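Residue numbers (our numbering): 1381 to 1862. Here the structure comes first, spelled out in structure tokens, and everything after it is commentary.
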RNA sequence: GGCCCGUUGGUCAAGCGGCUAAGACACCGCCCUUUCACGGCGGAGACAUGAGUUCGAUUCUCGUACGGGUCACCA
């Protein structure tokens, strides 16, 4: 059996959609699980859409998630070049060969005629299709026009009758009538191939055994089958995967702001979590586990787990998975990730390691950190109703009493550590004979000004220090007395 | 519109002729707890629809509805 060779063939648009990334991921998994090769090929035959630096975005993203290719534009390989515009001679050669084989023909129709034709067809309610005007030009006529330098394209010669069946791993056999297929353009006037042609030629020449692609290609797949047949080549195994949707009606698009890998990373998601999540969109593992590293994904991946229906991208689920990854991080690693975010709203000289350790269990996305730590530098003004809490059986009046008792206790405390603070405050609690929350709730509010905080009264007091704690308590007492 | 494809809880999904129809996220309740989280326990919630095949259909076939894809010198 031949070696499994798969390829990811993005167009350089300057942006890697999560759908594309998922395709790359599945493609990679198929190759790696079989011990085969994963190839990167750049499909840049549309020079009008060329975007400067777009290739780098692709390289950078793929490397960031660990989808390292065995052959590709920047690292070479035995089947190069891996950038289609550098292969233009190859396509021309094969297109001409296909003409000789009877699977294609020269067409000299200009765009004006074509658009006119289309307009007429649409007006009369007919499916727009090329009318095969040049299909039966005599060899002499062709030679003549070619010699005269008439611009031309090469079109696929679809059989007039019969039907074509192609196979997809997920969808099984799909048969269509040849009469519904258009004599599509293979080689453009500019000498570059269309995707429809380049993809077939390259996959064959590069020895690709399995093709994973979006299911927008399902409709044109029979035409590729016909191309393979005309060349006498063996077709690869096809796996068409459904789209990732924003909702039931719409695909996830650039406008949604979280359609690209970089959008997600900028929003504070971890690379590993993103990969893990998108793998779960349209694919399901055998067991009940759903957290997988890339190597585990490779191990676990199986085509039979792929779904035939579109999957809606669910930010909530991504958050949850991201949260799992964050909690699984070592405290040091998390602190490293969290620090820049903490610094956005917390400039003071605090022990960031301690803040990070408080943050880790309650952070799902890094970008939500700043709002959680915005009270360390300066206590925000807050509403006194925060002191009213039924569960803690306390209110402003009770809080005022508690704070007045806690203040001297803390003022006299010399060991300002977590243990020291605990001893002091719990001593007060015991002395007063009340529930923990009766004291700790008001103190926390008094020094944070917030309903929810990372960490409790003790942790916060320790981090902001004695002076600041006492200052805030006094201020809060004044507010309660006013 | 023609052709192709799909349809299990709000979402991702398991299922592949016989099940009390998994699991995860979200949601609700309880426990833990100095708040919120984390963690633990529990709950509610689904086979689009109509026929047919069959002893028996979520599972097979056909129709209907709904949704998607495609009909470019874009990929």
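We put the beta carbon where it would ideally sit given N, CA and C, even for glycine. Since the model is a prediction, treat every value here as computed from it, not as a measurement.
Nearest to residue 1393 (by Cα), restricted to the options 1466, 1645 and 1429: For the purposes of this step, residue 1393 is identified with residue 13 of the first chain, where counting begins at 1. Of the listed residues, the one whose Cα sits closest to residue 1393 is 1429.
By how many angstroms is the C-alpha of residue 1766 removed from the C-alpha of residue 1629? For the purposes of this step, residue 1629 is taken as residue 249 along the first chain, with counting starting at 1. For the purposes of this step, residue 1766 is taken as residue 386 along the first chain, with counting starting at 1. The straight-line gap from Cα to Cα measures roughly 44 Å.
Three Cβ pairs or more, each shorter than 8 Å: is that satisfied between the stretch 1667-1682 and the stretch 1523-1542? The stretch 1667-1682 vs the stretch 1523-1542: no contact.
Does the stretch 1555-1562 come close enough to the stretch 1607-1616 to have 3 or more Cβ pairs within less than 8 Å? When Cβ pairs closer than 8 Å are counted between the two stretches, the stretch 1555-1562 is seen not to touch the stretch 1607-1616, the count staying below three.
Could you give the uninterrupted runs of the beta strand (DSSP E) lying entirely in the stretch 1579-1662, keeping only those of 3 residues or more? 1590-1594 and 1617-1621
What does a CB cutoff of less than 8 Å around residue 1722 pick up in its chain, not counting 5 residues either side in sequence? In the first chain, the residue the question calls residue 1722 occupies position 342. Around residue 1722: 1732, 1735, 1736, 1739, 1749, 1750 and 1753.
Alpha-carbon spacing of residue 1621 relative to residue 1391, whole angstroms: In the first chain, counting from the first residue as 1, residue 1621 sits at position 241. In the first chain, counting from the first residue as 1, residue 1391 sits at position 11. Computed Cα separation, rounded: 18 Å.
Short of 6 Å in beta carbon distance, which residues of its chain neighbour residue 1421, apart from the five on each side in sequence? Order them along the chain. Here residue 1421 refers to the residue found at position 41 when the first chain is read from its first residue. Listed in chain order, the non-local C-beta contacts of residue 1421 below 6 Å within the same chain comprise 1387, 1389 and 1462, local neighbours out to five positions each way being set aside.
Contacts around residue 1569, its chain only, beta-carbon distance under 8 Å, and the 5 residues preceding and following it disregarded: Numbered from its first residue, the first chain carries residue 1569 at position 189. Only 1531, 1532 and 1533 meet the Cβ criterion.
Nonlocal neighbours in the same chain, by C-beta distance under 6 Å from residue 1580, ignoring five residues either side: The sequence position of residue 1580 within the first chain is 200, counting from 1. Cβ neighbours of residue 1580 beyond the five flanking positions: 1604 and 1607.
Mind pulling the beta strand (DSSP E) runs of 3 or more residues that sit fully within the stretch 1430-1487? 1484-1487
Pairwise C-alpha distance: residue 1703 and residue 1743: What you label residue 1743 is simply residue 363 of the first chain in a count that begins at 1. What you label residue 1703 is simply residue 323 of the first chain in a count that begins at 1. Their backbone Cα atoms lie some 6 Å apart in a straight line.
Measure how close the beta-carbons of residue 1395 and residue 1773 come, nearest whole angstrom, since I'm counting them as under 8 Å. Here residue 1395 corresponds to residue number 15 of the first chain, with the count starting at 1. Here residue 1773 corresponds to residue number 393 of the first chain, with the count starting at 1. With 8 Å as the limit, residue 1395 and residue 1773 do not qualify as a contact, their Cβ atoms being about 55 Å apart.
Which first and last residues belong to the alpha helix (DSSP H) in which residue 1818 is found? Locating residue 1818 in the first chain gives position 438, counting from the first residue. In the DSSP assignment, residue 1818 falls within the alpha helix (DSSP H) that extends over 1816-1828.
Please look up how many angstroms separate the CB atoms of residue 1835 and residue 1746, rounded, as I've assumed it's under 8 Å. The count along the first chain starts at 1 and reaches residue 1835 at position 455. The count along the first chain starts at 1 and reaches residue 1746 at position 366. That belief does not hold up - the Cβ atoms of residue 1835 and residue 1746 are roughly 18 Å apart, past 8 Å.
According to DSSP, which residues form a beta bridge with residue 1552? For the purposes of this step, residue 1552 is identified with residue 172 of the first chain, where counting begins at 1. DSSP lists 1548 as the bridge partner or partners of residue 1552.
N-terminal and C-terminal residue of the beta strand (DSSP E) that residue 1387 is part of: As a position in the first chain, residue 1387 is number 7, starting the count at 1. Here the beta strand (DSSP E) through residue 1387 covers 1385-1388.
Thinking residue 1806 and residue 1782 are a contact (beta carbons under 8 Å), I'd like their distance in whole angstroms, please. What you label residue 1806 is simply residue 426 of the first chain in a count that begins at 1. What you label residue 1782 is simply residue 402 of the first chain in a count that begins at 1. In fact, because the Cβ distance is near 13 Å, the residues do not count as touching under 8 Å.
Given 8 Å, three or more beta-carbon pairs between the stretch 1403-1412 and the stretch 1579-1594: yes
Where residue 1507 falls: helix, strand or coil (DSSP): Your numbering for residue 1507 matches position 127 in the first chain. Reduced to three states, the DSSP call for residue 1507 is coil.
Looking at C-alpha atoms only, which residue of 1758, 1460 and 1755 is the closest neighbour of residue 1583? Within the first chain, the letter at position 203 stands for residue 1583. Here the closest residue by C-alpha is 1460.
Starting from the C-beta of residue 1759, find all residues in its chain whose C-beta is less than 6 Å away, skip the five residues before and the five after it, and write them out in chain order. By one-based count along the first chain, residue 1759 stands at place 379. Result list for residue 1759: 1829 and 1852, in chain order.
So, residue 1849 versus residue 1790, is the Cβ gap smaller than 8 Å? Taking the first residue of the first chain as 1, we reach residue 1849 at position 469. Taking the first residue of the first chain as 1, we reach residue 1790 at position 410. Yes, Cβ-Cβ distance for residue 1849 and residue 1790 is below 8 Å.
Cβ-Cβ separation, residue 1405 to residue 1655 (assumed contact under 8 Å), whole Å: Against the first chain, residue 1655 aligns to sequence position 275. Against the first chain, residue 1405 aligns to sequence position 25. With a Cβ gap of about 6 Å, residue 1655 and residue 1405 count as contacting.
Residue environment, residue 1467, which counts as buried when at least 16 other CB atoms sit within 10 Å: Position 87 of the first chain, counting from 1, holds the residue named residue 1467. Under this definition residue 1467 is a buried residue.
Identify whether residue 1501 lies in helix, strand or coil by the three-state DSSP scheme. Locating residue 1501 in the first chain gives position 121, counting from the first residue. Reduced to three states, the DSSP call for residue 1501 is helix.
Mind checking whether residue 1578 and residue 1625 have CB atoms under 8 Å apart? Here residue 1578 corresponds to residue number 198 of the first chain, with the count starting at 1. Here residue 1625 corresponds to residue number 245 of the first chain, with the count starting at 1. Not in contact: residue 1578 and residue 1625 (Cβ atoms no closer than 8 Å).
Which residues does DSSP list as the beta-bridge partners of residue 1774? Stepping through the first chain from its first residue, residue 1774 is reached at position 394. 1769, per the DSSP bridge assignment.
Straight-line CA distance for residue 1699 to residue 1769? Locating residue 1699 in the first chain gives position 319, counting from the first residue. Locating residue 1769 in the first chain gives position 389, counting from the first residue. Using only the alpha carbons, I get a separation of about 30 Å.
Roughly how many angstroms lie between the CA atoms of residue 1683 and residue 1552, to the nearest whole one? In the first chain, counting from the first residue as 1, residue 1683 sits at position 303. In the first chain, counting from the first residue as 1, residue 1552 sits at position 172. Their Cα atoms are separated by approximately 13 Å.
Put residue 1517 into one of helix, strand or coil per three-state DSSP. Here residue 1517 is taken as the residue at index 137 of the first chain, counted from 1. Three-state DSSP puts residue 1517 in coil, outside helix and strand.
Tell me the rounded alpha-carbon separation between residue 1657 and residue 1714. As a working note, residue 1657 is residue 277 in the first chain. As a working note, residue 1714 is residue 334 in the first chain. Rounded to whole angstroms, residue 1657 to residue 1714 spans 20 Å at the Cα level.
Starting from residue 1533 and walking both ways along the beta strand (DSSP E), at which residues does that stretch end? Counted from its first residue, the first chain places residue 1533 at position 153. Counting along the chain, the beta strand (DSSP E) containing residue 1533 begins and ends at 1533-1536.
Considering just the uninterrupted stretch of the beta strand (DSSP E) at residue 1418, what are its terminal residues? As a working mapping, residue 1418 is identified with position 38 in the first chain. Run containing residue 1418: 1417-1420, per the beta strand (DSSP E) assignment.
Spatial neighbours of residue 1771 in its chain, beta-carbon cut-off 8 Å, leaving aside the 5 residues before and after: Along the first chain, read from residue 1 onward, the residue named residue 1771 stands at position 391. Counting only Cβ-Cβ distances below 8 Å, and skipping sequence neighbours, we find 1817.
So, helix, strand or coil for residue 1750, using DSSP? In the first chain, the residue the question calls residue 1750 occupies position 370. The three-state reading of DSSP puts residue 1750 in helix, counting H, G and I together.
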